[in-house]
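J.:
In my numbering, the protein residues as written are 30 to 384.
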């Protein structure tokens with residue numbers, strides 16, 4: 030493949046450096062927020078968000094420095110072993126990120142359905158979420174073993190600045206692997222995410238038929254989570270779609286169309302930017318983080334004891350008001366259709382599954 034011009038290499042290096050610096054900061058802030066106290070660590074979606082942050086950090090802190098170094102040198106500086114290992118790590122991180130996002134969407138849908146349909150499911154703790162995250166990473170690593178071990182080929186891309194599975198294959202094994210990899214790690218997870226997001230939206234719309242104050246609180250809590258997850262899915266689809274389109278064009282015999290350097294490195298840079306968007310989306314759309322930030326800024330101007338007293342007082346007041354509303358609505362009588370779980374169950378469910 031023809032190399033990039035010096036200006037293009039430098040521009041690409043600047044883009045990689047910005048992703049590297051921004052990604053380290055945002056993922057660090059996300060991990061701090063998720064582990065800042067016991068309550069945050071025990072939330073249902075925390076392990077999955079940690080899994081995505083771990084995938085982002087692995088890619089940003091391991092592979093991007095190599096890409097940046099090669100971009101500044103205008104060529105690949107390392108041997109074939111480093112190429113295979115770098116491509117393996119990058120592929121494993123990308124696959125685990127997408128699969129974990131699919132797990133989050135399914136978990137939100139499952140949690141909402143269980144709260145609305147089966148009250149007993151409300152009191153069951155999540156079963157081994159960290160084991161599921163480990164399984165996702167193991168499956169991702171196994172998926173990337175063929176190019177690592179030499180069963181299929183690993184090649185340079187983006188002006189010889191990084192390595193990836195051969196998307197312009199001539200061998201039958203490479204063609205089968207490229208088609209299977211793209212289908213399994215992108216098309217299937219993103220399709221599942223869209224399917225469950227639509228089902229969540231339909232379920233929330235049906236709640237309006239049995240509108241009540243606790244039910245409205247429950248719907249609002251899930252709408253906030255669904256909005257955050259939906260924007261994340263849309264972001265991953267948008268950032269990875271150009272890269273996947275280039276892959277399929279190449280697989281369908283259009284490899285000659287991808288020999289232009291600009292056609293290869295722009296989709297690659299857009300795809301790598303996906304590793305820093307999840308923390309940003311979380312900070313912008315998650316109300317609990319915004320409330321935490323505003324509360325922390327106000328509390329910093331007060332004495333520590335006074336700030337702690339005011340926060341506890343505010344928390345107890347909110348809990349008392351919400352419990353009063355739930356008990357008041359519960360006096361109407363129990364209902365048992367799938368979209369009318371008891372108000373007390375809805376309140377507990379909203380608190381449990383509100384990340």
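Here a beta-carbon is modelled for each residue, glycine too, at the ideal position from N, C-alpha and C.
Report yes or no: do three or more beta-carbon pairs, one from the stretch 221 to 228 and one from the stretch 118 to 135, lie closer than 8 Å?
T.: Contact holds: three or more Cβ-Cβ distances are below 8 Å.
J.: Could you tell me the distance, in whole angstroms, from the CA atom of residue 195 to the CA atom of residue 202?
T.: Here residue 195 corresponds to residue number 166 of the chain shown, with the count starting at 1. Here residue 202 corresponds to residue number 173 of the chain shown, with the count starting at 1. C-alpha separation (whole angstroms): 11 Å.
J.: Does the separation of the CB atoms of residue 75 and residue 69 fall below 8 Å?
T.: Your numbering for residue 75 matches position 46 in the chain shown. Your numbering for residue 69 matches position 40 in the chain shown. Taking 8 Å as the Cβ cut-off, residue 75 and residue 69 qualify as a contacting pair.
J.: Check whether the Cβ atoms of residue 169 and residue 125 lie closer than 8 Å to each other.
T.: Here residue 169 refers to the residue found at position 140 when the chain shown is read from its first residue. Here residue 125 refers to the residue found at position 96 when the chain shown is read from its first residue. The answer is yes: Cβ separation under 8 Å.
J.: Compute the Euclidean distance between the alpha carbons of residue 49 and residue 119, then round it to the nearest angstrom.
T.: In the chain shown, residue 49 corresponds to position 20, counting from 1. In the chain shown, residue 119 corresponds to position 90, counting from 1. Taking the straight line joining both Cα atoms gives about 14 Å.
J.: What's the gap between the Cα of residue 43 and the Cα of residue 96?
T.: Reading the chain shown from its first residue, position 14 is the one you call residue 43. Reading the chain shown from its first residue, position 67 is the one you call residue 96. Cα to Cα, residue 43 sits roughly 11 Å from residue 96.
J.: Could you spell out where the beta strand (DSSP E) holding residue 184 opens and where it closes?
T.: Here the question's residue 184 lines up with position 155 in the chain shown. Run containing residue 184: 183 to 186, per the beta strand (DSSP E) assignment.
J.: Among the candidates 135, 64, 281, 306, whose CA atom is the shortest distance from the CA of residue 219?
T.: To locate residue 219, count along the chain shown from 1; it is residue 190. Of the candidates 135, 64, 281, 306, the one whose C-alpha sits nearest the C-alpha of residue 219 is 135.
J.: Quick one: grab the DSSP three-state call for residue 198.
T.: Locating residue 198 in the chain shown gives position 169, counting from the first residue. Coil, per DSSP.
J.: If you run the structure through DSSP and keep just helix, strand and coil, what is residue 191?
T.: The count along the chain shown starts at 1 and reaches residue 191 at position 162. In the structure shown, residue 191 sits in a strand (DSSP, three-state: E or B).
J.: In this structure, does DSSP put residue 360 in helix, strand or coil?
T.: Taking the chain shown and counting its residues from 1, the one referred to as residue 360 is at position 331. Because residue 360 sits at a pLDDT of 37, beneath the cut-off of 50, its placement in the model cannot be relied upon, and the following sentence gives the value as read from the coordinates. It is coil, neither helix nor strand.
J.: How would you label residue 305, buried or exposed, when you count the other beta carbons within 10 angstroms and need 16 or more for buried?
T.: One-based indexing of the chain shown puts residue 305 at position 276. Under this definition residue 305 is a buried residue.
J.: Who are the near neighbours of residue 166 in its chain, counting only those whose CB is closer than 6 Å to its CB and skipping five residues on each side?
T.: Against the chain shown, residue 166 aligns to sequence position 137. Closer than 6 Å at Cβ, skipping near neighbours: 125.
J.: Give me the residue from 296, 191, 39 with the minimum Cα distance to residue 93.
T.: Walking along the chain shown from the start, residue 93 turns up at place 64. Residue 191 is the option with its Cα nearest to residue 93.
J.: From the DSSP output, in three-state form, read off residue 35 for me.
T.: Within the chain shown, the letter at position 6 stands for residue 35. The answer is helix: DSSP assigns residue 35 an H, G or I state.
J.: Once the 5 residues before and after residue 262 are set aside, which same chain residues still bring their CB inside 8 Å of it?
T.: Start at 1 with the first residue of the chain shown, and residue 262 comes out as number 233. These residues qualify, in order along the chain: 130, 134, 219, 222, 223, 226.
J.: Output needed for residue 309: all residues of its chain with C-beta closer than 8 Å, excluding positions within five of it in sequence on either side, in chain order.
T.: Working through the chain shown from its first residue, we reach residue 309 at position 280. Same-chain partners within the cutoff: 55.
J.: Once you ignore the five residues that flank residue 272 on each side, which residues in its own chain have a CB closer than 6 Å to its CB?
T.: Locating residue 272 in the chain shown gives position 243, where the first residue counts as 1. Within the same chain, residue 272 has close Cβ partners 296, 300.
J.: Between which residues of its own chain and residue 46 is the CB-CB distance below 7 Å, once the five residues before and five after are set aside?
T.: Here residue 46 corresponds to residue number 17 of the chain shown, with the count starting at 1. Once the five neighbours on either side are set aside, the close Cβ partners of residue 46 are 97.
J.: Should residue 214 and residue 172 be called a contact, given that it needs their Cβ atoms to be closer than 8 Å?
T.: Position 185 of the chain shown, counting from 1, holds the residue named residue 214. Position 143 of the chain shown, counting from 1, holds the residue named residue 172. Taking 8 Å as the Cβ cut-off, residue 214 and residue 172 qualify as a contacting pair.
J.: Nearest to residue 162 by CA position, among 122, 217, 180, 117, is which residue?
T.: Here residue 162 corresponds to residue number 133 of the chain shown, with the count starting at 1. Out of 122, 217, 180, 117, 122 has the C-alpha closest to the C-alpha of residue 162.
J.: DSSP state of residue 49, grouped into three classes?
T.: In the chain shown, counting from the first residue as 1, residue 49 sits at position 20. Looking at residue 49 - three-state DSSP - the assignment turns out to be helix.
J.: Over the uninterrupted alpha helix (DSSP H) stretch that includes residue 280, give me the two end residues.
T.: As a first step, residue 280 must be located in the chain shown, where it is residue number 251. From DSSP, residue 280 is part of no alpha helix (DSSP H); its letter is neither H nor E.
J.: With a CB to CB cut of under 7 Å and the five nearest residues on each side skipped, what residues in its chain are close to residue 100?
T.: Counting from 1 along the chain shown, the entry for residue 100 is found at position 71. Contacts found: 38, 41, 42, 45, 190.
J.: Which one of 280, 269, 314, 58 has the shortest CA to CA distance from residue 24?
T.: What is shown of the chain runs 30 to 384, which leaves residue 24 out entirely.
J.: Between residue 230 and residue 78, what straight-line distance do the alpha-carbon atoms span, to the nearest angstrom?
T.: What you label residue 230 is simply residue 201 of the chain shown in a count that begins at 1. What you label residue 78 is simply residue 49 of the chain shown in a count that begins at 1. If I take the Cα positions, the gap works out to 22 Å.
J.: For residue 44, which three-state DSSP category applies?
T.: Here the question's residue 44 lines up with position 15 in the chain shown. Correct three-state label for residue 44: helix.
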